[in-house]
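J.:
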Amino acid sequence: MSRLIGLGLLLVGLLYPFAVYYGTEHFAPWQFGLLLASLWLLRALTGPRRPGSGWMAGVALVFCLLLAWFDNPQLLRWYPSLVSIFMLALFGLSLKYGPPMVERLARLSDPHLPEKAIAYTRQVTVVWSGFFLCNGLLAAALTLWAPLSWWTLYNGLIAYGLMGLLFAVEWLIRQRVRGRV
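Each number in the working numbering corresponds to the 1-based position in the sequence shown with 3 added.
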């Protein structure tokens, strides 16, 4: 059940900009807020207890309840910025309290990482933290000053394209680094 809820949140996150763009003609912001709140609440109640999951769910619930309470379409556009803040917090705090997020992910496939690989994963975590910072700031700027169509284009397509590009570039660099080890 928890995986299904996580998948639901992922799909909502991916489709959210398009739902806002096309859905605001048919649905009120409070309805978006209640749908998001229900998914975050279900995740908080059924999801695994991981560091950061509780405060993230709490902040997301507060955001969703404010969205439902104020019923303001402008608030709908802040959700991608909120998600970027969450990701920045997860990656950035992992640098301080360790192990870095990318190291955790790398250890899923190779539990015995060499020291060079650990240093590399730390650098990649820094890069991802920078990406989420820039992504969140750009999403916020588009929320404040751009038309809805620009906001939708960036948050629904361009941001994911940039993430894919960053994944691809990092994978290519990792292959070169592995070849030298």
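Beta carbons are placed, not taken as given, at the ideal position from N, Cα and C, and that holds for glycine.
Grouping DSSP H, G and I as helix and E and B as strand, with all else coil, what is A185?
T.: The structure shown does not extend to residue 185, since the chain is modelled only from 4 to 184, so the question has no answer here.
J.: Quick check: what's the CA-CA separation for F135 versus A142?
T.: 10 Å
J.: With DSSP run on the structure shown, which of helix, strand or coil describes N138?
T.: helix
J.: From Y24 to G167, what distance separates their C-alpha atoms?
T.: 23 Å
J.: Does the stretch 77-87 come into contact with the stretch 41-56, if we say contact requires no fewer than three beta-carbon pairs (one atom in each stretch) closer than 8 Å?
T.: no
J.: Taking A40 as the reference, which of L10, V130, L64 has the closest Cα?
T.: Ranking L10, V130, L64 by CA distance to the CA of A40 puts L64 first.
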